[in-house]
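In what follows, a single structure is set out as structure tokens and then discussed.
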């Protein structure tokens, strides 16, 4: 009755064969894997933002911020890595420029809208920095009573929305890309 999860950002290289044709693959990437019986993502009044970002200078960053009902950050965890160096995140802020109240985001994002900018402010113990993320698209997945679907946004069983967004990012003038994942209650 347990569920486990891991994710890994980094530089990946190798070969992949598709329909008998072999391709060489090299670049920044992200791996995410969950297993076990059940992963309860019911957002309730809480939510989260997860960013997995890779930058042209080799920096990789994973940041998870748990969000309180008032929109403030409750807990954060994550890291930045480059080669053999890994630094953990001490604290962080998250903000969206969509001018929505937090309770409006679930429905608005489920309808395909997304912010034009999400800003992460991680602190690695040496002062807060700012990472600007520009969503390119929004992939909303509804959470209906332990099922991931978005069949009826007006259904009484709709609990929340998980939004996955590919992003372009910039951190101290260095360009990057990655994915942001956010959960919001659906009310």
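Residue numbers (the numbering used here): 1 to 187.
Virtual Cβ for every residue (Gly too), placed ideally from N, Cα, C.
Item: For residue 117 and residue 90, what's the separation of their Cα atoms in angstroms?; Value: 23 Å
Item: Leaving out the 5 sequence neighbours to the left and right, which residues in its chain are closer than 8 Å to residue 20 when beta-carbon positions are compared?; Value: none
Item: Which two residues bound the contiguous alpha helix (DSSP H) that contains residue 103?; Value: 102-110
Item: Please say whether residue 114 and residue 99 have beta carbons closer to each other than 8 Å?; Value: no
Item: Apart from the five residues on each side of it in sequence, which residues of its chain come closer than 7 Å, Cβ to Cβ, to residue 172?; Value: 129
Item: Expressed to the nearest angstrom, what Euclidean distance is found between the alpha-carbon atoms of residue 83 and residue 58?; Value: 8 Å
Item: When the Cα atoms are used, what is the spatial distance from residue 69 to residue 47?; Value: 8 Å
Item: Mark residue 74 as exposed unless 16 or more other C-beta atoms lie within 10 angstroms of its C-beta, in which case mark it buried.; Value: exposed
Item: With DSSP run on the structure shown, which of helix, strand or coil describes residue 48?; Value: strand
Item: Should residue 55 be labelled buried (16 or more other beta-carbon atoms within 10 Å of its own) or exposed?; Value: buried
Item: Is the beta carbon of residue 62 closer than 8 Å to that of residue 79?; Value: yes
Item: Strictly by DSSP, which residues pair up with residue 122?; Value: 92
Item: Just reading off the beta strand (DSSP E) that residue 114 is part of, what are its end residues?; Value: Per DSSP, residue 114 belongs to no beta strand (DSSP E) and is neither H nor E.
Item: What did DSSP end up calling residue 69 once you bin it into helix, strand or coil?; Value: coil
Item: Measuring alpha carbon to alpha carbon, tell me which residue in 160, 162, 133 is nearest residue 170.; Value: 133
Item: Since residue 178 contacts residue 52 with CB under 8 Å, what's their CB separation in whole angstroms?; Value: 5 Å
Item: Whole-angstrom Cβ separation of residue 174 and residue 106, contact assumed at under 8 Å?; Value: Between residue 106 and residue 174 the Cβ distance is about 32 Å, and since that is not below 8 Å, they are no contact.
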